[in-house]
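Enquirer: Just passing along the structure, written as structure tokens.
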Amino acid sequence: LIERYYQRHYVNIDREEFDKWLESLVPPTVDIVRGSIYRSHVVHKEFVKIRFSKGIEDYEVKVKMIIGADGAFSKVRRTSFPNQNVPKKYVAVQEWFETSQNVNYYGAIFDREITDFYSWIIPKENFLIVGSALLPNKDVHKKFELLKLKLKDYGFELNKSIRKNGAYILRPQAVNQIQIGSGRIGLIGEAAGFISPSSAEGLSYAFKSALALSNALSEGIESWQDLYKKNTAKLRRNIILKNLKSPFMYNTILRKFVMKSGLK
Numbered sequence: 045l046i047e048r049y050y051q052r053h054y055v056n057i058d059r060e061e062f063d064k065w066l067e068s069l070v071p072p073t074v075d076i077v078r079g080s081i082y083r084s085h086v087v088h089k090e091f092v093k094i095r096f097s098k099g100i101e102d103y104e105v106k107v108k109m110i111i112g113a114d115g116a117f118s119k120v121r122r123t124s125f126p127n128q129n130v131p132k133k134y135v136a137v138q139e140w141f142e143t144s145q146n147v148n149y150y151g152a153i154f155d156r157e158i159t160d161f162y163s164w165i166i167p168k169e170n171f172l173i174v175g176s177a178l179l180p181n182k183d184v185h186k187k188f189e190l191l192k193l194k195l196k197d198y199g200f201e202l203n204k205s206i207r208k209n210g211a212y213i214l215r216p217q218a219v220n221q222i223q224i225g226s227g228r229i230g231l232i233g234e235a236a237g238f239i240s241p242s243s244a245e246g247l248s249y250a251f252k253s254a255l256a257l258s259n260a261l262s263e264g265i266e267s268w269q270d271l272y273k274k275n276t277a278k279l280r281r282n283i284i285l286k287n288l289k290s291p292f293m294y295n296t297i298l299r300k301f302v303m304k305s306g307l308k
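Positions 45 to 308 (the working numbering) are the ones given, in order, by the sequence shown.
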């Protein structure tokens, strides 16, 4: 076991309140349909017909373009580009525990008995979040329980579980796994494959790719694809660099060398 503390600066936010704040920035000219579920879309020459549901009702709308911002398991991407090379998938499981412990740091845990990616602990006021990016197979539950058992043995209070959830996350290992879309279909954020392959951080990639697409579309819907690709070139280079960095985090021998050397 090797343990090191590194100075890093993160913003620890209330995600629900942050999302509400982001929504408050949407101009009143934009219609927001809360509680709706995207079902399908059909691309026509001059428009896209989108079908969605809310409650027991189904609706159809015609739009100039559909933008998939629906995350790692993007239905827009899967139905529009079924033969596209996709990044490696993981299941991110998180469980919230009420705790009286004073944990004042974000913890990253590298344990190949759990996963070939990493696990984490995040303090949130009176709660401690335990999470892990796990390979999507029958052992997901067993691996997560093993992680919690090891953390308990290490001294963490994980007795009062408040809630538990999970979602797919991607780990792009090559830029040809990124799909920005084409024609009247655009993709941003993790739906496109923009996410850090070393840390699984995705918010900054989502914001940057959304801005890149917005700037491309402002030049015209006919020529957006080439401009969007140009605007996201830096993001693709960043993913290449993150993949070059990954062996020093996930290869056991290299990681031990880095941690013992004191490199940051």
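In this text, a Cβ means the ideal position worked out from N, Cα and C, and glycines have one as well.
The model shown is predicted, which means the values in this text are computed figures rather than measured ones.
Under DSSP, the alpha helix (DSSP H) around Gly233 begins and ends at which residues?
Expert: Per DSSP, Gly233 belongs to the alpha helix (DSSP H) from Gly233 to Ala236.
Enquirer: Are the segment 166-186 and the segment 113-124 touching by the rule of at least three beta carbon pairs closer than 8 Å?
Expert: Verdict: no, contact absent.
Enquirer: Pop quiz: Arg228 and Val92 are said to be a contact at Cβ under 8 Å. What is the actual Cβ separation, rounded to whole angstroms?
Expert: Right, the Cβ-Cβ distance comes to about 5 Å (below 8 Å), so this counts as a contact.
Enquirer: Measuring alpha carbon to alpha carbon, tell me which residue in Tyr149, Glu67 and Arg78 is nearest Gln51.
Expert: Among Tyr149, Glu67 and Arg78, the Cα nearest to that of Gln51 is on Tyr149.
Enquirer: Put Asp63 into one of helix, strand or coil per three-state DSSP.
Expert: Asp63: helix per DSSP, three-state reduction.
Enquirer: Hey, Arg215 and Tyr294 are a contact pair by Cβ (cut 8 Å); roughly how many whole angstroms apart?
Expert: 10 Å between Cβ atoms; not a contact.
Enquirer: Rounded to the nearest angstrom, how far is the Cβ of Gln269 from that of Ser242, given a contact under 8 Å?
Expert: Contact flag wrong, Cβ pair sits at about 28 Å.
Enquirer: Would the beta-carbon of Phe171 fall within 8 Å of that of Ile206?
Expert: In contact: Phe171 and Ile206 (Cβ atoms closer than 8 Å).
Enquirer: Within 10 angstroms of the Cβ of Ile81, are there 16 or more other Cβ atoms? Answer buried if so, exposed if not.
Expert: Exposed, by the Cβ-count rule.
Enquirer: Threshold first: 4 residues or longer. Then list the alpha helix (DSSP H) segments lying entirely within the segment 59-110, N to C.
Expert: Those alpha helix (DSSP H) runs which fall completely within the segment 59-110 and span 4+ residues are 59-68.
Enquirer: For Arg280 and Val219, what's the separation of their Cα atoms in angstroms?
Expert: Going from the Cα of Arg280 to the Cα of Val219 covers about 6 Å.
Enquirer: Leaving out the 5 sequence neighbours to the left and right, which residues in its chain are closer than 7 Å to Gln221 when beta-carbon positions are compared?
Expert: So the list reads Asn129, Val130, Pro131 and Gly237, once near-sequence residues are dropped.
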